[in-house]
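Residue numbers (numbering that gives the first Met the number 0): 0 to 327. Even for Gly, the Cβ is constructed at its ideal location relative to N, Cα and C. Bear in mind that the values here come from a model prediction, so they are computed numbers and not experimental data. The block underneath contains the structure these notes are about, expressed in structure tokens.
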Amino acid sequence: MALSAPPEPSRLRASRRARMADPTFKAVVMGAGILVLLVLAWMLTSTASDALPVFQKEGVLGFLFGTTWQPGDARGGEITGTYGALPFLAGTVYSSLIALAIAVPLAVGIALYLTQLAPKRIKQPLTYTVDLLAAVPSVVYGIVGAQFLAQVLYPFWVWLNDVLSFLPFFGGNVRAFNLLFASVVLAIMILPITSAVIREVFAQVPTDERWAAFGLGATRWEVMRHVVLPRSRAGIIGGAMLGLGRALGETIAVLLIMGAGAQVAFEPLNTANTVAAQIAAAFREASPEYLRALMALGVSLFLLTMLVNVGARIVVSRMGTVSGDAAL
């Protein structure tokens, strides 16, 4: 029986290097993950420590649900103003939810058309256009909205206010730069990224299931309704939450188009403000005391965004359908 020749030393050395590469790569990747957590913890603790005097004076619940925002003059380390973040939190959530309600149906329709109905000769140009719009800076949307769209939509706001005057939150004064207008611009901003994510989710629906439905005599609408949409529910929610996350943190566009109200605005055609826009507007010239209040606003926005993301992941994981995790 012939014995095989021993492996060459160079191959043994390569094998040892390969064995060393695995734990090294694992350590590097683990370190990168830990670094992300450390940066996140550092951001939260640093802003929270600066905002602590405001939370101590107002109380956490008093700050989150207070309706009076009246900056004071700093005297040493004492907080002399009154700070209630509810007007800004309400404006942030209100405008973002309205934007989401406008953008998601349009995004689903665009994604369905591009993946199920569009001819090849126009599918690629439309796809590139949607992806290009997702890369447009938010300040461009804000400028276009403030300079052009506001004038176009103002007569519509007046008409809508008259038609819906029997409802509790309509019939009052109409402002050109109102909360509903800001929501429309936010919807236009989040529409490309939301539709792009949902489009990728639709594209991953198994082709065999679609053709099986066609083989049973289903129409295109029936295939989309009974095969594509049910298999993509988690992905649609993931895309919607991604758009919501961008809407919650949007700053420049909202600063240009919403105004600077500091009251809880339930009227969609009145002025309002958001957390991010208030921070951006007042940060540069803020006194040390006011800067602490703005830090407290930043902490509240940070926690709100984290809460939305965690809730979205829980919903997507429970639904457990096609590409739910990839959408987030």
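Just grab the DSSP bridge partners of residue i for me.
i, result
"Q69", "T81"
The alpha helix (DSSP H) spanning residue i covers which residue range?
i, result
"L159", "A149 to V162"
"V196", "L178 to A202"
"T114", "Per DSSP, T114 belongs to no alpha helix (DSSP H) and is neither H nor E."
"A133", "K119 to A133"
"I254", "Looking at the sequence provided, one finds Leu at residue 254 rather than Ile. Residues I251 to I256."
"F165", "Counting along the chain, F165 falls outside any alpha helix (DSSP H), and DSSP gives it neither H nor E."
"A285", "Per DSSP, A285 belongs to no alpha helix (DSSP H) and is neither H nor E."
"S231", "Looking at the DSSP string, S231 is not in any alpha helix (DSSP H), and its letter there is neither H nor E."
"R219", "R219 to V222"
"A145", "Careful: A145 lies outside any alpha helix (DSSP H) and carries neither H nor E."
"L60", "V59 to F64"
"R174", "Per DSSP, R174 belongs to no alpha helix (DSSP H) and is neither H nor E."
"A211", "T206 to G214"
Could you check how far apart the C-beta atoms of residue i and residue j are, in whole angstroms? I think they sit under 8 Å.
i, j, result
"A181", "S94", "5 Å"
"L185", "A98", "4 Å"
"N272", "F87", "6 Å"
"L190", "L105", "6 Å"
"L113", "R198", "6 Å"
"T270", "R174", "5 Å"
"L255", "G141", "4 Å"
"L243", "V183", "Actually they are not in contact, since the Cβ atoms of L243 and V183 sit about 16 Å apart, beyond 8 Å."
"Q84", "G71", "Reading off the sequence shown, one finds Ala at residue 84, where the question assumed Gln. With 8 Å as the limit, A84 and G71 do not qualify as a contact, their Cβ atoms being about 16 Å apart."
"T46", "G297", "5 Å"
Taking 8 Å as the CB-CB cut-off, is residue i touching chain C?
i, result
"R224", "Any reference to chain C falls outside this structure, which holds one protein chain only."
Is it right to say residue i is buried, meaning 16 or more other beta carbons lie within 10 angstroms of its own, or is it exposed?
i, result
"S322", "Confidence in S322 is poor, its pLDDT being 44 and thus under 50, which makes the residue's placement unreliable; the coordinate value appears in the next sentence. With 16 or more Cβ atoms within 10 Å of its Cβ, S322 is classed as buried."
"G237", "buried"
"D324", "Per-residue confidence for D324 stands at a pLDDT of 44, beneath the threshold of 50, marking its modelled position as unreliable; no derived number is given."
"F155", "exposed"
"S194", "buried"
"A239", "buried"
"L268", "buried"
"Y289", "buried"
"E284", "exposed"
"N172", "exposed"
"W41", "exposed"
"L60", "exposed"
"A326", "Since pLDDT at A326 reaches only 39, below the 50 mark, its modelled position is unreliable, and no value is offered."
"V78", "One point to set straight first is that residue 78 is Ile, not Val, in the sequence displayed. Buried is the call here."
"L11", "Residue confidence is low: L11 scores 48 on pLDDT, short of 50, so the model does not pin down where it sits. No coordinate-derived value is stated."
"S299", "buried"
"F62", "buried"
Please determine, among the options, the residue with the shortest C-alpha to C-alpha distance to residue i.
i, options, result
"V157", "G170, Q146, Q203 and A280", "G170"
"A276", "F147, L178 and V227", "L178"
"Y82", "G58, V92 and I101", "G58"
"V253", "I121, G144, D49 and A133", "G144"
"V226", "Y127, T91, A175 and L111", "L111"
"I313", "A233, A102 and K122", "A233"
"A134", "I192, K119 and V183", "I192"
"S286", "G80, V92 and A20", "G80"
"F54", "T304, S316 and L293", "L293"
"S137", "A246, A50, S48 and Q69", "A246"
Please determine whether the Cβ atom of residue i lies at a distance below 7 Å from any heavy atom of the ligand COA.
i, result
"S164", "Within the structure as shown, the ligand COA is missing, as the structure has no ligands at all."
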